[in-house]
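Visitor: When you line the sequence shown up against mature numbering (1 follows the signal peptide of the UniProt record, and there is no 0), it's residues -29 to -1, 1 to 305, in that order.
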Amino acid sequence: MTAVDRRWGLAACASVLLLGLIYGRPAPAAQPAAGSAATGGTPQPGPVAGLVVHRLDVASIKPGAPGTVRMGTVAPPSPRADIVFVHGHADRLDNHAALMGAWVRAGFRVIAFDLPSHGSTHVQAIDAWSFDDLYKLVRLVERTTVARPDRPLFLAGWSFGGLVVTRLAQTPKALAGFTRPVRGLILLAPAVDVFPFVGGDGIARASTLTHPPHPAVAGPPRPVAPLLNPVFAVRLLAEAAAGRHTDLPQGLPTLVLAADERQDLYVKERSVIRWAHQNPAAQVYQCPEARHSLDNEPYPIGPAVAARTTTFLNGLTGGASRSDPTLDQTCPRR
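1. Could you spell out where the beta strand (DSSP E) holding residue 129 opens and where it closes?
2. Assess, as a yes-or-no matter, whether the region 242 to 255 is touched by the region 37 to 55 under the definition of 3 or more beta carbon pairs within less than 8 Å.
3. Could you tell me whether the region 270 to 282 touches the region 187 to 203, using the rule of 3 or more Cβ pairs below 8 Å?
4. In terms of residues, what are the limits of the alpha helix (DSSP H) holding residue 27?
5. Short of 7 Å in beta carbon distance, which residues of its chain neighbour residue 61, apart from the five on each side in sequence? Order them along the chain.
6. Okay, do the region 220 to 235 and the region 22 to 31 touch, 3+ Cβ pairs below 8 Å being the bar?
7. Take the Cβ of residue 15 as the centre, count every other Cβ of all protein chains shown within 10 Å, and call the residue buried at 16 or more, exposed below.
8. Tell me the rounded alpha-carbon separation between residue 153 and residue 143.
9. Based on Cα-Cα distance, which residue from 121, 122, 161 and 75 lies nearest to residue 140?
10. Given this structure, state the Cα-to-Cα distance separating residue -15 from residue 281, to the nearest angstrom.
11. Helix, strand or coil: how does DSSP classify residue -9 here?
12. What is the rounded straight-line gap between the Cα of residue 88 and the Cα of residue 99?
13. Given a cut-off of 8 Å on the beta-carbon distance, is the pair residue 165 and residue 57 in contact?
14. Buried or exposed: residue 257, going by 16 or more other Cβ atoms within 10 Å of its Cβ?
15. Excluding sequence positions up to five away, which residues of its chain have a Cβ less than 6 Å from the Cβ of residue 131?
16. Per DSSP, what kind of secondary structure is residue 208 in: helix, strand or coil?
17. Terminal residues of the continuous beta strand (DSSP E) containing residue 146?
18. Tell whether a beta-carbon distance below 8 Å holds between residue 271 and residue 297.
19. Closest by CA to residue 313, which one among 68, 184 and 80?
20. Going by alpha carbons, who is nearest to residue 215 out of 183, 134, 267 and 261?
21. Which of the three DSSP states, helix, strand or coil, is assigned to residue 106?
22. Flag this pair as yes or no: are the beta carbons of residue 173 and residue 198 separated by less than 8 Å?
23. Look at the alpha carbon of residue 48 and the alpha carbon of residue 104, and state the distance between them as a whole number of angstroms.
24. Helix, strand or coil, according to DSSP, for residue 254 in the structure here?
25. So, are the CB atoms of residue 225 and residue 52 less than 8 Å apart?
Listed below in structure tokens is the structure:
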């Protein structure tokens, strides 16, 4: 262990204690009734138009674990493909309304869920969930929601969710565990190299995630800091290091969108771009002036992110995309 590592470790421990004193641990929430799979689909009012929410029992992947995961789907009348989306830390499934809306309008069905310790999921804290557990959860969500096995499947993730998707794809057994082949990946500011203290001081805030002080999201950043879940925080750093030193599967189409390295206080975007370029199948774009939550940025950045992702998806599913010179120039290829 280097001197820098030791100093960071001491600082991290001190921060855990301080954050615990300031913010405390959230009180256990009342747990909705568990079902055997997705039960009681209910239209969910909020920023994501057409969102239908289900409760997902996780006993099949976490035997003896109480509680359920909140899962949501939003779909066009005749979907051309399915996208399983994994949100980031301090995030929730319905905090990406503009991006999901663009995907649905382009003909794609979006499936997402709240991670442990996030949103309206009520299971064991995220400290109790290994990355292998999270891979199983992603696969359970896909298996529970599959409508047509012949429909193409894509995995997408933002920030920590992008790291989960990355590490899943880098794990052959996990990648092979879906009901159908994964046709491609969309990684938005993936957390393959993170700052030890997110947001500059260890606290996630809307003001450092996007330029608008009040973005159109379903809820504020929660949990406010990775260090409130110390096992998770250490695991995050370890898996990020493993992710950036491991290649993605050869031939798996991958879209990587990076924020501005001067504006992103959560992920080291230069490192993300270097890593992405090591993967021949990756298309790499960067959005200058974008903060970390780049799909929630105002025009033209947010719409440009949506356009880049839908163009990528259309190219793999035979769909047509319209070119917009302004949006094309907003997030150029790197």
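Ideal placement from N, C-alpha and C gives every residue a C-beta, glycine not left out.
Guide: If we stick to the structure as given:
1. Mapped onto the sequence shown, residue 129 falls at position 158. Where residue 129 is concerned, the enclosing beta strand (DSSP E) stretches over 124 to 129.
2. no
3. no
4. Residue numbering aside, residue 27 sits at position 56 when the sequence shown is read from its first letter. Looking at the DSSP string, residue 27 is not in any alpha helix (DSSP H); the run it does join, the beta strand (DSSP E), is 23 to 28.
5. Here residue 61 is taken as the residue at index 90 of the sequence shown, counted from 1. The residues are 175, 192, 193, 194 and 195.
6. no
7. For the purposes of this step, residue 15 is taken as the residue at position 44 of the sequence shown. Its Cβ being crowded by 16 or more others within 10 Å, residue 15 is buried.
8. Start at 1 with the first residue of the sequence shown, and residue 153 comes out as number 182. Start at 1 with the first residue of the sequence shown, and residue 143 comes out as number 172. Computed Cα separation, rounded: 12 Å.
9. Walking along the sequence shown from the start, residue 140 turns up at place 169. Comparing Cα-Cα distances from residue 140 to each of 121, 122, 161 and 75, the minimum goes to 161.
10. The sequence position of residue -15 within the sequence shown is 15, counting from 1. The sequence position of residue 281 within the sequence shown is 310, counting from 1. In this prediction, residue -15 scores a pLDDT of 44, lower than 50, which makes its location untrustworthy; the coordinate-derived value is nonetheless stated afterwards. Those two C-alpha atoms are separated by around 40 Å.
11. Translated into the one-based positions of the sequence shown, residue -9 becomes position 21. Model confidence at residue -9 stands at a pLDDT of 34, short of 50, so the residue's coordinates are unreliable; what they give is reported in the following sentence. Note: residue -9 maps to helix in three-state DSSP.
12. On the sequence shown, position 117 is the one that residue 88 refers to. On the sequence shown, position 128 is the one that residue 99 refers to. Taking the straight line from one Cα to the other gives about 10 Å.
13. As a working note, residue 165 is residue 194 in the sequence shown. As a working note, residue 57 is residue 86 in the sequence shown. No, the Cβ-Cβ distance between residue 165 and residue 57 is not below 8 Å.
14. Along the sequence shown, one-based indexing puts residue 257 at 286. By the neighbour-count rule (16 or more Cβ atoms within 10 Å), residue 257 is buried.
15. Start at 1 with the first residue of the sequence shown, and residue 131 comes out as number 160. Cβ within range, chain order: 59, 60 and 162.
16. The sequence position of residue 208 within the sequence shown is 237, counting from 1. In the structure shown, residue 208 sits in a helix (DSSP, three-state: H, G or I).
17. One-based indexing of the sequence shown puts residue 146 at position 175. First-last for residue 146: 143 to 146, but that is the alpha helix (DSSP H), not the beta strand (DSSP E).
18. By one-based count along the sequence shown, residue 271 stands at place 300. By one-based count along the sequence shown, residue 297 stands at place 326. For residue 271 and residue 297, yes; Cβs fall inside 8 Å.
19. The question about residue 313 has no answer, for the chain in this structure spans -29 to 305.
20. Taking the sequence shown and counting its residues from 1, one reaches residue 215 at position 244. When only C-alpha atoms are compared, the closest one is 134.
21. Within the sequence shown, numbered from 1, the residue matching residue 106 stands at position 135. Shown here, residue 106 sits in a helix according to DSSP, grouped into three states.
22. Locating residue 173 in the sequence shown gives position 202, counting from the first residue. Locating residue 198 in the sequence shown gives position 227, counting from the first residue. Yes.
23. Here residue 48 is taken as the residue at index 77 of the sequence shown, counted from 1. Here residue 104 is taken as the residue at index 133 of the sequence shown, counted from 1. Near 33 Å, if we compare the C-alpha coordinates of residue 104 and residue 48.
24. If you number the sequence shown from 1, residue 254 lands on position 283. Residue 254 falls in the strand class under three-state DSSP.
25. Taking the first residue of the sequence shown as position 1, residue 225 is located at position 254. Taking the first residue of the sequence shown as position 1, residue 52 is located at position 81. Taking 8 Å as the Cβ cut-off, residue 225 and residue 52 do not qualify as a contacting pair.
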